[in-house]
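In what follows, a single structure is set out as structure tokens and then discussed.
Residue numbers (UniProt numbering): 1 to 401.
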């Protein structure tokens, strides 16, 4: 696809997005009709703030309903468009499919998708109500850049959603540099277009970094419902065997529905070999999921996991955010992750159905790693893993629950 260099992203004339009239009772009725669930008061509070053209930050635990917050405007105001910046293809596709079921026109544009002239025209004309994009496409695709001079798109753009906003802090460096550039969108969208940042894990320092990176305005509306998950029991245990032997995973023989997170792809693959060769477990019920696998393979594995055909999923971060599978009983973190935010995101995959009781298990070395805390993990993570007191209270203090 050819790229045009004649268009200056930062010289687009401003458009005016007027304040929307928000009728709470009408919103409740439409939500019940379309999604068959009543909206929470805090969800409506965020939508109301967006209607007043205020930037918003929503902090809520996994399974609380953050996605519904940016689905609601689509059924309240039939003319509006929502742009969602999503960190993972699988997450964007999963959310787009929900809108498809609700008969709301939407599109998840993946990195390898060819953005045809037809798709480009449809975007510019506002035919898609929700548009899921990666930050990389925002800054690399000539046809996506062209949207910012399309009056139909600019006039109807209601909000920009930065889903899983903690990724700005953790990925905005060398890993996925465009995450650190999302704030540049302020120069492209109409001045009054609000931004909504959502996450389950925004401790104070990360929160401040995100506010600065996204250029949040002084009247930003903050909703923190907390990320405590009372139906998840947090357990930390120590390795009894060498970490690379994987003997500490023998408990998986009970075949409770489990995700085991590893920090590297080779570790996940080696763990599978151990479980199959040493423990002779059923290979049909164990699968590996990481970024190197093909999109078709990953989609198939997740579908089999959802249907309980796979019961043990050995994974990296690629299966994390937005994994909307409600009946996962146990999540295991094998070894020390890079941050507390990453750990809580992973453990939060357990028992998304609030009627279930789940377990978040972390297996760690007997002693914290030597050297700089900054090199191996953050100090909040060590406070959680090696505390002698209640871990839930440690989390409440860190995240302001």
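Think of the CB as a built atom: it goes at the ideal place given N, C-alpha and C, for glycine as much as any other residue.
Pairwise C-alpha distance: residue j and residue i
i, j, result
"residue 99", "residue 31", "13 angstroms"
"residue 459", "residue 49", "Shown here, the chain extends from 1 to 401; a query on residue 459 therefore has no answer."
"residue 57", "residue 247", "42 angstroms"
"residue 85", "residue 389", "38 angstroms"
"residue 107", "residue 232", "34 angstroms"
"residue 398", "residue 316", "25 angstroms"
"residue 367", "residue 33", "54 angstroms"
"residue 177", "residue 25", "42 angstroms"
"residue 307", "residue 83", "31 angstroms"
"residue 270", "residue 167", "28 angstroms"
"residue 182", "residue 195", "11 angstroms"
"residue 336", "residue 198", "25 angstroms"
"residue 211", "residue 62", "21 angstroms"
"residue 401", "residue 146", "42 angstroms"
"residue 304", "residue 60", "28 angstroms"
"residue 28", "residue 127", "25 angstroms"
"residue 224", "residue 207", "11 angstroms"
"residue 47", "residue 67", "12 angstroms"
"residue 201", "residue 378", "14 angstroms"
"residue 419", "residue 74", "The question about residue 419 has no answer here: the residues shown for the chain are numbered 1 through 401."
"residue 19", "residue 170", "34 angstroms"
"residue 209", "residue 69", "23 angstroms"
"residue 272", "residue 205", "37 angstroms"
"residue 141", "residue 135", "10 angstroms"
"residue 242", "residue 392", "28 angstroms"
"residue 309", "residue 44", "37 angstroms"
"residue 318", "residue 300", "14 angstroms"
"residue 36", "residue 365", "46 angstroms"
"residue 402", "residue 228", "Nothing about residue 402 can be read from this structure; the chain reaches only from 1 to 401."
"residue 267", "residue 314", "9 angstroms"
"residue 387", "residue 148", "50 angstroms"
"residue 40", "residue 226", "14 angstroms"
Helix, strand or coil at residue i [DSSP, three-state]
i, result
"residue 336", "coil"
"residue 289", "strand"
"residue 56", "strand"
"residue 133", "strand"
"residue 181", "helix"
"residue 326", "coil"
"residue 63", "coil"
"residue 201", "coil"
"residue 348", "coil"
"residue 399", "helix"
"residue 104", "coil"
"residue 22", "coil"
"residue 391", "helix"
"residue 372", "Below a pLDDT of 50, predicted positions are generally treated as unreliable, and residue 372, at 47, falls in that range; the measurement from the model is reported next regardless. Here residue 372 sits in coil by DSSP."
Proximity test, residue i beta-carbon vs the ligand GDP heavy atom, cut-off 8 angstroms
i, result
"residue 62", "In terms of ligand content, the structure shown is empty, and the ligand GDP therefore cannot be addressed."
Whole-angstrom C-beta distance between residue j and residue i, which should lie under 8 angstroms
i, j, result
"residue 124", "residue 153", "5 angstroms"
"residue 115", "residue 144", "7 angstroms"
"residue 380", "residue 340", "4 angstroms"
"residue 255", "residue 285", "6 angstroms"
"residue 109", "residue 132", "7 angstroms"
Inset, instruction - Would you check if there are 3 or more beta carbon pairs closer than 8 angstroms linking the region 244-259 to the region 207-216? - result: no
Legend entry - In chain order, each beta strand (DSSP E) run of at least 3 residues that lies wholly inside the region 138-165: 157-162
Inset, instruction - Entirely within the region 233-296 and at least 4 residues each: give me those alpha helix (DSSP H) ranges in chain order. - result: 265-277
Legend entry - Segment contact flag, the region 252-272 with the region 322-340, C-beta cutoff 8 angstroms, min 3 pairs: yes
Legend entry - Three or more C-beta pairs below 8 angstroms linking the region 142-161 and the region 184-196: yes
Legend entry - Cβ contact check for the region 342-356 and the region 272-279: 3 or more pairs under 8 angstroms: no
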